[in-house]
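Everything below concerns the one structure shown next.
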Amino acid sequence: MHIFNLKKGFALRRITFSTAHRLILLTLLITGLFIAVMVAVTSQMDQSLPAEDPLGRHYERLIRPAVAALNQAEINRVLASMAEDDNILRAAVFSASGERIAQQGVTTLLPQLIREEPLRTSFFVPVKEDDQVLGYLHWVREPNKAK
8 MHIFNLKKGF ALRRITFSTA HRLILLTLLI TGLFIAVMVA VTSQMDQSLP AEDPLGRHYE
68 RLIRPAVAAL NQAEINRVLA SMAEDDNILR AAVFSASGER IAQQGVTTLL PQLIREEPLR
128 TSFFVPVKED DQVLGYLHWV REPNKAK
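Residue numbers (the working numbering): 8 to 154.
What follows is the structure, given as structure tokens:
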């Protein structure tokens, strides 16, 4: 067993190899636990987010011709049908530049809607035709209360 004497500027301290090994192992254990927790949290986050919302694809397909033709009446009709859905509070269409074209449902600002009920979900999908973005469909959904 080797004994190290640290004399320069430090109080005389004896550190044996077994103590150094214990410190290294403890550091490795804590680092390993931290990495394991981070991997578990990250994988859980990936599983909790839906890859693609079928409702969004459905409504995007319905609203695409109206957005392409800028048919305000048809856009409002589709958005109104979305807003009548039990779980959808608000639906809106935005131009490719971000300007709101139409909105149906509650008129409360989005930050306030989310603040009132943190489990509400905001969806934003592009409305595309021939790989060109015509606009964006946005809606806010209530949390699923089914048990």
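Using N, Cα and C, we set each Cβ at its ideal position, and we do this for glycine too.
Whole-number beta carbon distance between residue j and residue i, since they are thought to touch under 8 Å
i	j	result
ARG97	VAL113	5 Å
LEU86	VAL100	7 Å
LEU141	ALA75	6 Å
TRP146	ILE95	5 Å
MET45	TYR66	Between TYR66 and MET45 the Cβ distance is about 36 Å, and since that is not below 8 Å, they are no contact.
Residue i - partner residues in DSSP beta bridges
i	result
PRO133	TYR143
SER50	Note: SER50 sits in no beta bridge, so no partner.
GLN79	Paired residues: none, contrary to the question.
ILE95	ARG148
THR128	ARG148
Proximity winner among the options, relative to residue i (alpha-carbon distances)
i	options	result
ILE108	PRO72, ASN78 and VAL48	ASN78
ASP138	PRO125, ALA103 and ASN151	ALA103
Distance between residue j and residue i (C-alpha atoms, nearest Å)
i	j	result
HIS28	ARG64	58 Å
TYR143	GLU91	20 Å
VAL132	SER50	24 Å
LEU32	GLU149	48 Å
GLN119	THR34	45 Å
ARG122	THR115	11 Å
THR26	PRO125	49 Å
GLN110	ARG84	10 Å
May I ask you to verify whether the stretch 27 to 45 touches the stretch 66 to 78, counting CB pairs closer than 8 Å and requiring at least 3? no
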